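Residue numbers (the UniProt record's numbering), protein chains in the order written: chain L, 1 to 482; chain U, 1 to 358. Worksheet: the structure to be examined is printed underneath.
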Amino acid sequence: MAFCSKSSRNIINNLKSKLGLSRLMNRGSDGCLNKTNPDRFLPLITLPQLRNPDSYSHKTSHSFSSQRFQSTTSEPQFASVPNGEHNQELDFPGGKVVFSPEMRFLSESPCVYNNCYRVLDDNGQLISNSIFVQVSEKIAVKMYSSMATLQILDTIFFEAQRQGRISFYLTTIGEEAINIASAAALTSDDIVFPQYREPGVLLWRGFTLQEFANQCFGNKADYGKGRQMPIHYGSNKHNYFTVSSTIATQIPHAVGAAYSLKMDKKDACAVTYFGDGGTSEGDFHAALNFAAVTESPVIFICRNNGWAISTPTSDQFRSEGIAVRGQAYGVRSIRVDGNDALAMYSAVHAAREMAINEHRPVLIEAITYRVGHHSTSDDSTKYRPADEIEWWRMARDPVTRFRKWIETNGWWGSEAESQLRSSIRNQLLQAIQIAERAEKPPVNDLFTDVYDNIPSNLRDQEKLLRETINRHPEDYPADVPF
Amino acid sequence: MALRNIIGKRIGNGIGLVGRRSLSTSTSDVENRNAKSMNLYSAINQALHLALETDPRAFVFGEDVSFGGVFRCTTGLADRFGKARVFNTPLCEQGIVGFGIGLAAMGNRAIAEIQFADYIYPAFDQIVNEAAKFRYRSGNQFNCGGLTIRAPYGAVGHGGHYHSQSPEAFFCHVPGIKVVIPRSPRQAKGLLLSCIRDPNPVVFFEPKWLYRLAVEEVPEHDYMLPLSKAEVIRQGSDITLVGWGAQLSIMEQACIEAEKDGISCELIDLKTLIPWDKETVEASVRKTGRVLISHEAPVTGGFGAEISASIVERCFLRLEAPVARVCGLDTPFPLVFEPFYMPSKNKVLDAIKATVNY
């Protein structure tokens, strides 16, 4: 059974009845197209029998029809007209085609808005009959602490930039649940390809406050050797690939990495994150298509937070969100309330099982809101109402919502809260002080790692540069040793 | 170096081979044991077979590679190594390279094929912003050194705008990748194996005109030729000629004719364009005092400009004449006008004489 995982921490909750599932299934879709209503969604419980793990060899187009689709119950979108005379099918290289004398265009939008999976209501109370993966007290408290830590870290570093102590910063405010809950549902062997608004995943995996500060200050303890702007974290020991500012370029990397995991038969998947804006890039399309064709165990997590800098989603795309696009590529998809930590956790947990056991990609669209500005170089009140921001910050805060749930369970209280907040704050301020005072990496690090070894042209350039530095030391920052 | 004996005539439609002879000793870096006569695509095919045979974590992928590829470079690989290691990708260059970067980042040898160099541009962002900077930006925590991108490049006689391009100059401007171009089958096999096994991402351009036309004795064993080492393939004393790929055979013909006029030409195959072997070229220029660079790509901003500027910087006082460049015109690659566009043997010969008589 796909949901039984090896680790003891997670048990299925509420597997009691399939009735509970009906909330999740779009049974009643009065399709714009057709009278018969095909189930567009998979019944969660009756997960497919596990694919034969040895059969990940690539299918030629000849064997397209049956095996590839043994795992879905979705029917083709075209109506099959009940009148037998008109029913004619044809096999062509792409698969089966059912003819119809009625000319029907697929609507540009589904008639029923795509269901969004949530488990906790806005007050952090469990919705009755909800299906979710149970989380232990230990994990839940760690999740909450991490979300709160992320909030505090963001606030303090943002301030540090405003004080001129670091050159740049961007926050994850409003998206803490996506970051932490998804990370909690993964294992440390899963390979992460972030965009840049997912430091919470790294935090969950054990990156310390000091390590975050070192990168932001670009000091000699920064694993990136001071080469990139703040927030461009990366850590191989945490299986978290280095952030690059380019949008969506990481998405196809995750597919290649997932393919490697599959070939090595690892009990791990690749996970990649991106925003709503990133889904407009060609690399998103390329990656989903490749993932489907290569049958790679990769989870695509889209943080649909409503804004790509100043561009609202209505200027970004006209599809009904992101999850529907997954289906177009042959990728199993789900839309989730990204501010519901429990729903995120469950969805990622389920996605991971499917990805690894069935060698398939999964797309998760996490609906959320970018409470902070795009970055310290942005003032978002210029393009959206300040009260909209405030409403999401206060009324829809994912951290508060999860706190209410753990408090209801008796796992948290106000004393624990104030202790956590002051402790983290102190640790952060100290980490920043230490990072700020530390030496920068030496000038030699300007020339290393362009290739595995330093080529002769760079040796020449380094030599010339040193001569210049000696001649004009006043042109160069005092804190970079040479 | 008897390139002219390796490569059939490229003039008009005649594709007859001039004849086959064993190679001159200038290619002394490879033993000739168990050599077999084969063309460029066969030599590349052999290299790929060896790469996959010797490393179980090597993969070959790209458009149409499964059945053997549009130039037959990948013949037999899928049958021998299986569809999990040799497979077709969707028609999407940015996906091919992006996927390849991910595969390489996990420690695999990702050998990606771009069907024609003319179509490499959708992958330019992935190559420049991702592959080239992968190691540097991570502080050497990560790298995609196992990535090799192969693409047929260059004139083919009838290719027009989109089957003839030489885009090497774009990539030579990108720190972090290597650009390698072989001149012949024997070179191609050894260089490709080096590229695949080099711990840096490499773009390997294969002169498509030579796929069938160039035939040479190629050793059957596994051998590698060094990167970033230029080769003097013809000794001379009056003028240094620098080139790469298919253009070298044209240049060699010009050198042979120039010799009849008493001009002794030294011909250098650069092989690796970045990082390039300045030392070998400079040593030659210090001997001859004259340089001529020739490439099919358009002259403005072509890689010849970099070589020229570098030589002038470092050998100015030794130079007896301006650095000459005999290159393609600054136009899209034309069809009917291809013979006019190309840096032909006579254009090169005229430039040799002009430089020597400066």
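Ideal Cβ placement from N, Cα and C applies to all residues, glycine included. All values reported here derive from a predicted model rather than from experimental measurement.
For Leu-186/L, the secondary structure class from DSSP, reduced to helix, strand or coil, is coil.
When C-alpha distances from Ser-237/U are compared across Arg-109/U, Asn-129/U, Glu-266/U, Ser-184/U, the shortest belongs to Glu-266/U. Exclusion of the five residues before and after Ala-47/U leaves Lys-189, Leu-192, Leu-193 as the residues of its chain whose Cβ lies within less than 6 Å of its Cβ. A straight line joining the alpha-carbon of Ile-96/U with that of Met-354/L spans about 25 Å. At a C-beta separation below 9 Å, Leu-193/U has no neighbours in chain L, since its nearest C-beta there lies roughly 17 Å away. If you look at Met-38/U, you'll find it in the beta strand (DSSP E) that goes 35-39. Between Ser-164/U and Phe-59/U, the alpha-carbon positions lie close to 27 Å from each other.
Rounded to whole angstroms, Asn-346/U and Lys-353/U show a C-alpha spacing of 10 Å. Short of 6 Å from the beta carbon of Thr-171/L, and not among the five residues preceding or following it, lie these beta carbons of its own chain, in chain order: Asp-154, Phe-158, Gly-372. Membership of Tyr-273/L in the beta strand (DSSP E) is indicated by the continuous run 270-275.
By the neighbour-count criterion, in which 16 or more other beta carbons inside 10 Å mark a residue as buried, Pro-101/L falls on the exposed side. In the three-state reduction of the DSSP assignment, Arg-150/U falls in the strand class, which pools E and B.
Secondary structure of Ala-297/U (DSSP, three-state): strand.
Shown here, Trp-411/L sits in coil according to DSSP, grouped into three states, outside any helix or strand.
Only those residues of the region 113-137 of chain U whose C-beta falls short of 9 Å from the nearest C-beta of chain L are listed: Pro-122, Asp-125, Gln-126, Asn-129, Glu-130, Ala-132, Lys-133, Phe-134, Arg-135, Tyr-136, Arg-137. Setting aside the 5 residues that flank it on each side, Ser-284/U is surrounded in the same chain by Val-232, Thr-240, Glu-266, Ile-268, each with a C-beta closer than 7 Å to its C-beta; the list follows chain order.
For Arg-459/L, the number of other beta carbons within 10 angstroms of its own is below 16, and it is reported as exposed. With a cutoff of 8 Å on beta-carbon distance, Ala-323/L and Val-298/L are scored as not near each other. Contact annotation, Ala-258/L with Ile-432/L: C-beta distance approximately 36 Å; criterion of less than 8 Å not satisfied.
In the pairwise beta carbon analysis, the region 49-68 of chain U is classified as touching the region 111-120 of chain U: at least three pairs are separated by under 8 Å. Looking at Arg-335/L, Gly-277/L, Ser-346/L, the one whose alpha-carbon comes closest to that of Ser-314/L is Gly-277/L. The alpha helix (DSSP H) runs lying completely inside the region 162-243 of chain U and spanning 4 residues or more are 168-172, 185-197, 210-213, given in chain order.
In chain order, Asp-222 place their CB closer than 7 Å to the CB of Thr-54/U, counting only its own chain and leaving out the 5 sequence neighbours on each side. When only Cα atoms are considered, Asn-470/L and Gly-157/U end up about 55 Å apart. The DSSP assignment places 250-263, 282-294, 323-329 as complete runs of the alpha helix (DSSP H) inside the region 250-332 of chain L, in order along the chain (cut-off: 4 residues). Non-local C-beta neighbours of His-49/U in its own chain, meaning closer than 8 Å and more than five positions away in sequence, comprise Gly-76, Leu-77, Arg-80, ordered along the chain. Sequence-ordered contacts of the region 253-270 of chain L with chain U read His-253, Ala-254, Val-255, Gly-256, Ala-257, Tyr-259, Ser-260, Met-263 [C-beta pairs closer than 7 Å]. Contact holds between the region 225-245 of chain L and the region 117-137 of chain U, because three or more Cβ pairs, one in each stretch, are under 8 Å apart.
The alpha carbon of Ser-294/U has as its nearest neighbour, out of Gln-247/U, Val-179/U, Ala-117/U, the alpha carbon of Gln-247/U.
For Gly-124/L and Glu-407/L, the gap between their C-alpha atoms comes out near 9 Å. For the C-beta of Pro-194/L, not a single chain U residue is nearer than 7 Å; the gap to the nearest is close to 13 Å. The residues His-373, in chain order, have a CB closer than 7 Å to that of Asp-379/L in the same chain once the five nearest residues on each side in sequence are set aside.
DSSP places Gly-328/U in the strand class (E or B) of the three-state scheme.
By the Cβ-count criterion, Gly-82/U is exposed, with fewer than 16 other Cβ atoms from all chains shown falling within 10 Å of its own Cβ. Not one beta carbon of chain L lies nearer than 8 Å to the beta carbon of Gly-304/U.
In this structure the region 37-45 of chain U touches the region 209-221 of chain U; the number of beta carbon pairs closer than 8 Å is three or more.
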